Structure formats: C-alpha cells, structure tokens
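Here is the structure we will look at, set down as structure tokens.
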Amino acid sequence: MDRPTILAIETSCDETAAAVLAPDGAVAATVLASQHDVHARYGGVVPELAARRHIETVESIVSDAITQAGVTWDALDAIAVTQGPGLAGALLVGVSFAKALAYARGIPLIAVNHLEAHIASAWLEAPDCPLPCVVLIVSGGHTHLYRIEAGWQYRLLGRTLDDAAGEAFDKAAKMLGLPYPGGPAIDRAAREGNPTAVRFPRPHLKPRSLDFSFSGLKTALLYYLRDLDRAGKPRRTADIAAGYQEAIVDVLIEKAFDAVRRSEVGALAVVGGVSANTRLRSLLAERGAREGIRLIIPRPSYCTDNAAMVAAAGRRAYLEGRAAGWDLEAEASLAIADEPPAVATRAGRA
Ligand code: KG4
Ligand code: ZN
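To convert, count from 1 in the sequence shown and add 5; that's the working numbering.
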C-alpha cells in the first residue's frame, strides 16, 4: 500500500492532538485540544494533570479527526503515535490508546519520535524541501541543529548544552510576571518594545561551535531585574522582553546560518514551538533572502505541537515498512536516531 490513510495521535506534553493524512499525503484533518487552562495557574506543565487530561480528551479528539477528515474507520491503513521524548505519563496515554485501536482494527502501529515529527513538519509545509538540508529544532525541550542527508540520515551538528530556547522564553516570562505559556507572551510583549533598549549577552561559546547555551542569558535577566528592583526603578517589560528575545533570536540565526554555510547546503528548515516566534520568523526571512538560502518555516500551527507532523513522520515510516510491535512502550527520553532504524518486519500487523 503506497497511498496509505494514516491516523496520528500526539500526547507528549500539554496538547492532545489527532490528525488524518489522506492517501496523497495531504492533511485531511488536524485537531487539537490545548491544556493551557489546566496548567496556567501553576505557571508550567504539571505532568500528572497533563496525563489525566489526555485520558479525558483523547477519544473525542480522535473521533473529531476522523469526522473532520470524512473517512470511515475502515479506511485507515495505520495508526502513528508519538512514542517519545516527552512526559512519561502523558506519552503513555497516547501509546496505549493507539496500540489498542491499531490492534482492534488489525492495522499496523507506527512509533514516531517527537523530534522527527517536528522535522517532518518542514516537509508538510514544503513537500519539495530539498535534501540535504540543515534543520534547526527549537522547542520547549530541544535546541538542536541537524544536517539531514539525502537518505534521511540525521547528523547532529550542535545542540544546547543547558536550557532549550523554549525554556529560556518560558523562564523569562515567569520572571517578568507574564502568563504561561511564556514564549507567546514574550513574543506579544516584545512587539510593543524596543529590541535595542536593553542589551543582553549573546552566548556564542567557542567562536566556531554550533552548540548553544541559554542558562547565562536567563541569569543575566535575573540580575538585571534584581538591580532594577533594588534601585527602585520601574520595569519596562516590553523593552526587556524585546531585548531578551532579540538575544535568543540573534544566536539562533547566527548559528543556523553558520551551519548552512559550513554544511554547504542550500536550504534551512526551522521547526518546533519557538519557530512560531514572529521576530525569529521575520529576521530569518530577511537573512535567507539576503544570503540566497531557501528557508522553510512551517505555518505556526505546524510549529507548536500537533498531530499532522506525527502523521507525516509516520507516513514515511509506514512507506519504509517500519511498524512497531504490540510491546511498544512510551519512552520519555527517546533519542533521535543518528541512522534510520533497521527496516523491521510488519510486526505491528495483527
Ligand atoms: O514544540 P513545542 O510546542 O513543544 C515541545 O516539543 O516542547 O514547543 C513549546 C515551546 C514552549 O517553550 C513555548 O513557550 C515556545 O515553544 N513557543 C514560543 C512561541 N510559541 C511557542 N516561543 C517564542 N515565541 C513564540 N511565539
Ligand atoms: Zn514539540
């Protein structure tokens, strides 16, 4: 079957999501229930509450996706699910649900790595995105630069040595008293501010390193706010947010384009929740145009967690004959494969 209809389920963090890909690979439905209301009062994701909400929501979200896609259950050829990385209890909900559904319907179960799903979102947006290319993944848990080879092998070029870019946004928002989730809140606040009013350090590490470090920036903000408060000066939140955001965006862009130059590729994809950031998107676009580099940034709804990207990664795995066994387990710290996994038999087919 080289034109599969794929249902995908994503529950790795605080979004319960399902999507259906049509036989031609187009998104037939993508549905999402955000849990922001559950976690906002705690200022961050509470793992137990996330898992509980997934349990309550997953069935209706999957049914909605099937209805929206206008397909019957019989039309499904495989079920893809995020296996990891993510919150253990949250992942377990999606994996158990997908496993039961695939088993009951007698169709293959496909395990998807959440990072590979983010990478796949670039091809969802631009199916002609060329290989090899460089991909920057910027999310709540990851800041990774990969070169992706023509045969889909991933080569890690650089990664954060401490906090992820999304974490740097979220922690700064908390310090500034902005609401959860912090990234979008800083993005909004910064639009009213001057990005050059407050200058924060650009942590570049060694001059030629493609690794990142954001923990020093976070500390710089902490001291800046402490000094302001001690001096009894008002916090100009919009300017501070804009200056802080600018430091993160600057470093991400410098390293991403350095990676492109050193890898001698003509295309850069930027994916993951932070790639929804408006300042990052506009500065990336300017730089890409100036340097003649093809830039792919998925639409914002494909940047933050969603199941369409899981379906896209699952579709490729399905076409390569990779199915999971019924003993599939959620893996909170699942790593991305440096090499594609060995082609397995369709163990998932009942
Ligand atoms: O990819 P994602 O939805 O979930 C993970 O896999 O982690 O990324 C979530 C991260 C959070 O840290 C969130 O604050 C950040 O992406 N984020 C943003 C924006 N939208 C989401 N950061 C900056 N600007 C945004 N507009
Ligand atoms: Zn994600």
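Where is the CB? At the ideal position from N, CA and C, for every residue including glycine. These numbers were taken from a predicted model, which means no experiment stands behind them.
- The beta carbons of alanine 13 and valine 63 sit about 12 Å from each other, so the pair does not count as a contact at 8 Å.
- Annotation for leucine 136: no alpha helix (DSSP H) segment contains it, and DSSP assigns it neither H nor E.
- Remark: C-beta atoms of leucine 96 and serine 220 do not approach each other more closely than 8 Å.
- Going by C-alpha positions, leucine 183 is about 12 Å away from arginine 46.
- Straight-line measurement puts the Cα of alanine 243 at about 6 Å from the Cα of glutamate 197.
- Per DSSP, reduced to three states, the secondary structure at histidine 149 is strand.
- Sequence-distant partners of lysine 104 (beyond 5 residues in either direction) whose C-beta falls short of 7 Å from its own C-beta, in its chain, are Leu114, Trp331 and Leu333.
- In this chain, the beta strand (DSSP E) harbouring isoleucine 84 covers 83-89.
- Ordered by chain, the residues meeting the criterion of a beta-carbon within less than 5 Å of a non-hydrogen atom of the ligand ZN are Ser144 and Asp310.
- Going by beta carbons, alanine 281 and threonine 309 fall inside the 8 Å limit.
- Non-local C-beta neighbours of alanine 131 in its own chain, meaning closer than 7 Å and more than five positions away in sequence, comprise Ile301, ordered along the chain.
- When the Cα atoms are used, valine 98 and proline 9 turn out to be separated by approximately 24 Å.
- Here the alpha carbons of alanine 109 and aspartate 42 stand approximately 33 Å from one another.
- Residue range 220-235 is occupied by the alpha helix (DSSP H) that includes tyrosine 228.
- The beta carbons of alanine 27 and leucine 37 sit about 18 Å from each other, so the pair does not count as a contact at 8 Å.
- By the Cβ test, the region 223-236 is not in contact with the region 257-277, since fewer than three Cβ pairs between them sit closer than 8 Å.
- In the same chain as glycine 156, and ignoring 5 residues on each side of it, no C-beta atom comes closer than 7 Å to its own.
- Alanine 33 sits in a strand when the DSSP states are folded into three classes.
- Taking the Cα of aspartate 255 as reference, the smallest distance to any Cα among Leu181, Glu296 and Pro200 is reached at Pro200.
- Three or more beta-carbon pairs drawn from the region 120-129 and the region 147-162 are found closer than 8 Å, and the two stretches are therefore classed as touching.
- An exposed status is given to serine 338, since fewer than 16 other beta-carbon atoms sit within 10 Å of its beta-carbon.
- Inclusion of histidine 119 in the 7 Å shell around the ligand KG4 follows from its C-beta lying nearer than that to a non-hydrogen atom of the ligand.
- For alanine 317, the closest C-alpha among the options Ala80, Trp128 and Ala56 is that of Trp128.
- Pairing aspartate 82 with isoleucine 11 gives a Cβ-Cβ distance under 8 Å.
- For the pair serine 144 and glycine 278, the CB atoms are nearer than the 8 Å cut-off.
- Taken atom to atom, the span from the alpha-carbon of aspartate 168 to that of glycine 146 is near 8 Å.
- Cβ atoms of arginine 299 and glycine 271 come within 8 Å of each other, at about 6 Å.
- Partner residues in the beta bridge of threonine 165, as assigned by DSSP, are Phe217.
- With a threshold of 7 Å, the Cβ atom of histidine 123 counts as near the ligand KG4, since some heavy atom of the ligand is closer than that.
- Taken atom to atom, the span from the alpha-carbon of glycine 49 to that of glycine 187 is near 9 Å.
- Under the three-state reduction of DSSP, threonine 77 is assigned to coil, being neither helix nor strand.
- Residue burial annotation: methionine 314 is buried, with at least 16 other C-beta atoms found within 10 angstroms of its C-beta.
- Taking 8 Å as the cut-off, the beta carbon of isoleucine 191 is found closer than this to the beta carbon of alanine 177.
- Here DSSP, grouped into helix, strand and coil, assigns isoleucine 302 to coil.
- Restricting attention to Glu172, Ala173 and Val140, the CA atom closest to the CA of tyrosine 159 is found in Val140.
- When the beta-carbon positions are compared, valine 25 and isoleucine 71 come within less than 8 Å of each other.
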